[in-house]
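Here's the structure, in structure tokens; my notes come after.
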Amino acid sequence: MSNPAPDLEFIKQNFPEPDSTRAVLPLLKGQKALVTGASSGIGKAVAIALGRAGADVVVNYATAPDNAEAVAAEIRKSGVKALTIKADVSNEGEVQAMFGKMFSEWGTIDVLVNNAGLQKDAAFHEMTLAQWQRVIDVNLTGQFLCAREAIREFKRRGIVKNVSCAAGKIVCISSVHDIIPWAGHVNYAASKGGVALMMKSIAQEVAPLRIRANSVSPGAIRTPINTAAWSTREAYNSLLTLIPYRRIGEAEEIGRAVVWLASDDSDYVTGATLYVDGGMTLYPGFDTGG
Ligand code: BGC
1096 MSNPAPDLEF IKQNFPEPDS TRAVLPLLKG QKALVTGASS GIGKAVAIAL
1146 GRAGADVVVN YATAPDNAEA VAAEIRKSGV KALTIKADVS NEGEVQAMFG
1196 KMFSEWGTID VLVNNAGLQK DAAFHEMTLA QWQRVIDVNL TGQFLCAREA
1246 IREFKRRGIV KNVSCAAGKI VCISSVHDII PWAGHVNYAA SKGGVALMMK
1296 SIAQEVAPLR IRANSVSPGA IRTPINTAAW STREAYNSLL TLIPYRRIGE
1346 AEEIGRAVVW LASDDSDYVT GATLYVDGGM TLYPGFDTGG
């Protein structure tokens, strides 16, 4: 049986030649990004990295306007725009007002980085409902509320070819604790486990619209959230037993991973979780055999 002759018109329309000029342009030139919880830690580094990659960046914060302004000033040094907006991501009205402000200032959104998160640690039998609820509200419901607003806008606007080949990108900042159980932090691990399947289910639902959703799941990264784990020699040495690569990570390393997932260089990646963890998820306890 002979193969049918290739339909050259069909092939030309569907499989265009790669644009060889794109690689030399800043990866996110002309894109508009919003990073939640961007006044410190991983969110701050991500917001600055997106700016360096050419994006205009909304720096969302909940409590520290001065820190957020400093991050915005740093971003502007890259020659892009930055805007600080206060909102508690767990509050529907505040989230909607934040997106409304971004759209009235800049028209639209291309990249959402769902980063805002917190820990309220307690032994399980002592954990209060308030500790449980606050962590779920910020870490999980906050990501839902922001993703929903972003996707509504991505759907309304669709693809703008000279901006990105996708109609929008969401990067959820999760944690190795979306797969590693964490005694003493049940609320946190439950929130991140929720983020993992929320992200994948969103990705599945909106992929036909050319909207992508992925997670970056950091391991131990040197930020204010885990100072106790790296600020003394004893604590740091004990932390290193959990990290095959034998060092803590820096927030800038998460920034670079997020830039890639937000850019067209990862256009065929959706529903993925990228662990940036020095091997923490490799069962380091088994490194000398089972
Ligand atoms: C937590 C950190 C912790 C790291 C590795 C992160 O998600 O927020 O406190 O150091 O996971 O356990």
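Take the sequence shown: its letters are residues 1096 to 1385, numbered as in the numbering used here. We put the CB at the ideal spot given by N, CA and C, even for glycine.
Consider the C-beta atom of residue 1320 and the heavy atoms of ligand 1; say whether any pair is separated by less than 7 Å.
Taking the sequence shown and counting its residues from 1, the one referred to as residue 1320 is at position 225. Residue 1320 Cβ: within cutoff of ligand 1.
Roughly how many angstroms separate the alpha carbons of residue 1177 and residue 1104, rounded to a whole number?
In the sequence shown, residue 1177 corresponds to position 82, counting from 1. In the sequence shown, residue 1104 corresponds to position 9, counting from 1. Their backbone Cα atoms lie some 43 Å apart in a straight line.
So for residue 1101, helix, strand or coil by DSSP?
Mapped onto the sequence shown, residue 1101 falls at position 6. Here DSSP, grouped into helix, strand and coil, assigns residue 1101 to coil.
What are the start and end residues of the alpha helix (DSSP H) that includes residue 1292?
Start at 1 with the first residue of the sequence shown, and residue 1292 comes out as number 197. Here the alpha helix (DSSP H) through residue 1292 covers 1281-1301.
Going by other Cβ atoms of all chains shown within 10 Å of its Cβ, with 16 needed for buried, is residue 1112 buried or exposed?
Translated into the one-based positions of the sequence shown, residue 1112 becomes position 17. Around the beta carbon of residue 1112, fewer than 16 other beta carbons sit within 10 angstroms, so the residue counts as exposed.
Using CA atoms only, rank isn't needed, just tell me which of 1124, 1375, 1168 is closest to residue 1256.
Counted from its first residue, the sequence shown places residue 1256 at position 161. The shortest C-alpha separation from residue 1256 is found at 1124.
Helix, strand or coil for residue 1316, going by three-state DSSP, please let me know.
Along the sequence shown, one-based indexing puts residue 1316 at 221. Residue 1316: strand per DSSP, three-state reduction.
In whole angstroms, give me the CA-to-CA distance for residue 1260 and residue 1204.
Position 165 of the sequence shown, counted from the start, is the residue given in the question as residue 1260. Position 109 of the sequence shown, counted from the start, is the residue given in the question as residue 1204. For residue 1260 and residue 1204, the distance between alpha carbons rounds to 14 Å.
In the structure shown, what three-state DSSP assignment does residue 1360 receive?
Residue numbering aside, residue 1360 sits at position 265 when the sequence shown is read from its first letter. If DSSP states are grouped into helix, strand and coil, residue 1360 belongs with the helices.
Spatial neighbours of residue 1264 within its chain, please: C-beta separation below 6 Å, excluding the five flanking residues on both sides.
Translated into positions along the sequence shown, residue 1264 becomes position 169. If we look at residue 1264 and ignore the five residues flanking it on each side, its Cβ neighbours are 1206, 1307, 1357.
Beta-carbon separation of residue 1350 and residue 1315 under 8 Å?
In the sequence shown, residue 1350 corresponds to position 255, counting from 1. In the sequence shown, residue 1315 corresponds to position 220, counting from 1. No, they are not a contact pair.
Tell me, which residues are paired with residue 1156 by DSSP?
In the sequence shown, counting from the first residue as 1, residue 1156 sits at position 61. For residue 1156, which the question treats as bridged, DSSP gives the partners 1181.
Using DSSP's beta-bridge definition, name the partner residues of residue 1307.
Sequence index remark: in the sequence shown, residue 1307 carries index 212 (1-based). The partner list for residue 1307 (beta bridge, DSSP) reads 1264.
Assess contact between the stretch 1323-1330 and the stretch 1279-1292, defined as three or more Cβ pairs (one per stretch) separated by less than 8 Å. Is contact present?
no
Below 7 Å, is the gap between the Cβ of residue 1220 and the nearest heavy atom of ligand 1?
The count along the sequence shown starts at 1 and reaches residue 1220 at position 125. Residue 1220: no, Cβ never under 7 Å from ligand 1.
Is the stretch 1234-1241 in contact with the stretch 1206-1226, if contact means three or more CB pairs nearer than 8 Å?
yes
Return the bridge partner residues of residue 1206 from the DSSP annotation.
Mapped onto the sequence shown, residue 1206 falls at position 111. Partner(s): 1128, 1264.
What number of angstroms, rounded off, separates the C-alpha of residue 1381 from the C-alpha of residue 1174?
Sequence index remark: in the sequence shown, residue 1381 carries index 286 (1-based). Sequence index remark: in the sequence shown, residue 1174 carries index 79 (1-based). If you draw a straight line from the Cα of residue 1381 to the Cα of residue 1174, it comes to about 48 Å.
So residue 1322 is in the beta strand (DSSP E); what residue range does that whole segment cover?
The sequence position of residue 1322 within the sequence shown is 227, counting from 1. Looking at the DSSP string, residue 1322 is not in any beta strand (DSSP E); the run it does join, the alpha helix (DSSP H), is 1322-1325.
Using alpha carbons as the reference points, say which of 1129, 1152, 1189, 1318 lies closest to residue 1172.
Here residue 1172 refers to the residue found at position 77 of the sequence shown. For residue 1172, the nearest C-alpha among the options comes from 1152.
Quick test of your reading: residue 1134 and residue 1150, contact by CB under 8 Å. State the CB separation rounded to the nearest angstrom.
One-based indexing of the sequence shown puts residue 1134 at position 39. One-based indexing of the sequence shown puts residue 1150 at position 55. So it is not a contact: roughly 18 Å between Cβ atoms.
Work out the CA separation of residue 1326 and residue 1300 for me, nearest whole Å.
As a first step, residue 1300 must be located in the sequence shown, where it is residue number 205. As a first step, residue 1326 must be located in the sequence shown, where it is residue number 231. When rounded, the distance between both Cα atoms is 42 Å.
Cα separation between residue 1249 and residue 1164?
If you number the sequence shown from 1, residue 1249 lands on position 154. If you number the sequence shown from 1, residue 1164 lands on position 69. In a straight line, the C-alpha of residue 1249 is about 27 Å away from that of residue 1164.
For residue 1214, is the classification buried or exposed, using 16 other Cβ atoms within 10 angstroms of its Cβ as the cut-off for buried?
On the sequence shown, position 119 is the one that residue 1214 refers to. Buried: at least 16 other Cβ atoms inside 10 Å.
How big is the Cα-Cα spacing for residue 1363 and residue 1223?
As a first step, residue 1363 must be located in the sequence shown, where it is residue number 268. As a first step, residue 1223 must be located in the sequence shown, where it is residue number 128. Taking the straight line from one Cα to the other gives about 42 Å.
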